[in-house]
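K.L.:
Numbering (my numbering), first residue to last: -11 to 371.
Idealized CB from N, CA, C, for every residue including glycine.
Values in this document were obtained by computation on a predicted structure and should not be read as measured data.
Can you read through this structure? Questions will come right after.
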Amino acid sequence: MVRPTMRFAALFTVASGILLQFQYAWSNHSLSIKPGAPFLDLDGYAINSHGGGILSIQDSNNQSNYVHYWYGESKNGPTYSLDPRYPARVDMTGVSCYSSSDLLTWKNEGLVLLAEPKDPTSELHTSRVLERPKVLYNAAGGDFVMWFHLDSADYSLARTGVAVSSHPTGPFIFLHSFRPNDNESRDMTVFLDPQHPGVAWLVHSSEDNMVMHVAALTPNFRNVNGTMSRTLINLQREAPAVFYHNHLYYLLTSGCTGWAPNQAEVFVAIHMLGPWESLGDPVRGNTREARLKTFYSQPTFVVPLPNLPGRFLMMADRWNARNLSGSGYVWLPLWVQDAPNDDGLFLSISPKERMVWSSVIVGWFDEWSISEVDKFPKIVSSS
-11 MVRPTMRFAA
-1 LFTVASGILL
9 QFQYAWSNHS
19 LSIKPGAPFL
29 DLDGYAINSH
39 GGGILSIQDS
49 NNQSNYVHYW
59 YGESKNGPTY
69 SLDPRYPARV
79 DMTGVSCYSS
89 SDLLTWKNEG
99 LVLLAEPKDP
109 TSELHTSRVL
119 ERPKVLYNAA
129 GGDFVMWFHL
139 DSADYSLART
149 GVAVSSHPTG
159 PFIFLHSFRP
169 NDNESRDMTV
179 FLDPQHPGVA
189 WLVHSSEDNM
199 VMHVAALTPN
209 FRNVNGTMSR
219 TLINLQREAP
229 AVFYHNHLYY
239 LLTSGCTGWA
249 PNQAEVFVAI
259 HMLGPWESLG
269 DPVRGNTREA
279 RLKTFYSQPT
289 FVVPLPNLPG
299 RFLMMADRWN
309 ARNLSGSGYV
319 WLPLWVQDAP
329 NDDGLFLSIS
339 PKERMVWSSV
349 IVGWFDEWSI
359 SEVDKFPKIV
369 SSS
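Quick look at the structure:
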């Protein structure tokens, strides 16, 4: 171990092609994040976990401690295009996993779901597309369930895939793929409902990416149960990321422009099935062009920061369409601001009224620290 004297700088590379620099300031013992700087794992290699999501497991012996597992697309090999009508691609290699106790330093756990290089009839053949893997822990079954967008190279299959494992670091065994409720499914996420124990949801772009679908999962989290809703109709949104705060659900999305960045929009609802109301673009700071392009990135997941209610970490991919394996990553603080409670207003109003007061902010900082995240809403609001 290297013992820092005054200042130790460590570079890490984040999944989804994400680039970040974490600096350890020995003077105040705090870790800070520089969005857009290189991000490496503990072995010094670039993290390869694109379009990812994080599963946080609480320590049963100390509930203030967590182990975080970061799953994402492994993008190795050259970027190429089979047809100019379809997005550039790399051959499928599988799903990677990294683990951390602090959301900053990441251990490479390897590929936890492998592509099939030899059998062209396999649904996980390298010629296929695997995107946006997310993992849920199913407490009833004691297993880990992975969901992902599974497609053909021309994106005509539009299916979801499901795999399971008895351990968060795999190996995951592929179960099946299907169209949820017989509908197309492309960009997607899954979400464990904090208000309803044992309930989880699939949220996915459908109907040629013109409509977002919300579908309830079966109790074992391996399929959908038939309950669903259509929302964000004709809004053409993708890259869904769901989070929850004070009896309200939030849905962060991007537009549909391939690998090119675009403007974010966040929605709020009392129930996962909706109706969902727009809160507009949550992005603040930096230049107008950067804001309109979500700081040149696309959201992939929102992580609740442990022991910090209303404070979250937005994970976003900074895609490099010419070299997808070299894509970057942007991590930024996200806050939910509630109705004021100085006079008891927040506690006295209904969830529907809270929707009116609620706002979401994603602020740009050249450098920021998780330990100081409570200070940032005031800074962003006054800038």
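If you check the beta carbons only, do D139 and V117 fall under 7 Å apart?
P.N.:
Yes, Cβ-Cβ distance for D139 and V117 is below 7 Å.
K.L.:
Starting from K340, trace the alpha helix (DSSP H) both ways and give me its first and last residue.
P.N.:
Per DSSP, K340 belongs to the alpha helix (DSSP H) from 339 to 345.
K.L.:
Could you check which residue in L112, K122, I42, I161 has the C-alpha nearest to that of A382?
P.N.:
Any answer about residue 382 is impossible in this case: the structure gives the chain only from -11 up to 371.
K.L.:
Quick one: grab the DSSP three-state call for I358.
P.N.:
Here I358 sits in helix by DSSP.
K.L.:
Buried or exposed: which applies to V123, given that a residue is buried once 16 or more other Cβ atoms fall within 10 Å of its Cβ?
P.N.:
V123 should be labelled buried.
K.L.:
DSSP state of A278, grouped into three classes?
P.N.:
Three-state DSSP puts A278 in a helix.
K.L.:
Figure out for me which residue from L301, T282, L280, L296 has the closest Cα to the Cα of V290.
P.N.:
If we check each option's Cα against that of V290, L301 comes out closest.
K.L.:
The beta strand (DSSP E) spanning A204 covers which residue range?
P.N.:
A204 -> beta strand (DSSP E) spans 199 to 205.
K.L.:
Since F380 contacts P292 with CB under 8 Å, what's their CB separation in whole angstroms?
P.N.:
Examination of residue 380 is not possible in this model, given that the chain is present from -11 through 371 alone.
K.L.:
Taking just the CA atoms, how far does N171 sit from G298?
P.N.:
C-alpha separation (whole angstroms): 34 Å.
K.L.:
Note down the Cα distance separating R120 from V150, rounded to an integer number of angstroms.
P.N.:
Roughly 12 Å separates the two Cα atoms.
K.L.:
Helix, strand or coil for L312? Go by DSSP, reduced to three states.
P.N.:
Three-state DSSP puts L312 in a helix.
K.L.:
Give me the Cβ distance between Q286 and D269, rounded to the nearest whole Å; I'm assuming they're in contact under 8 Å.
P.N.:
No, Q286 and D269 are not in contact; Cβ-Cβ is about 14 Å, not under 8 Å.
K.L.:
Going straight from the alpha carbon of G158 to that of V152, what length do you get?
P.N.:
Roughly 8 Å separates the two Cα atoms.
K.L.:
Assign G351 to one of three DSSP states: helix, strand, or coil.
P.N.:
Note: G351 maps to strand in three-state DSSP.
K.L.:
Give a yes or no on whether the minimum CB-CB distance between M303 and chain B is below 7 Å.
P.N.:
Judged by its chain identifiers, the structure shown contains no chain B, having just a single protein chain.
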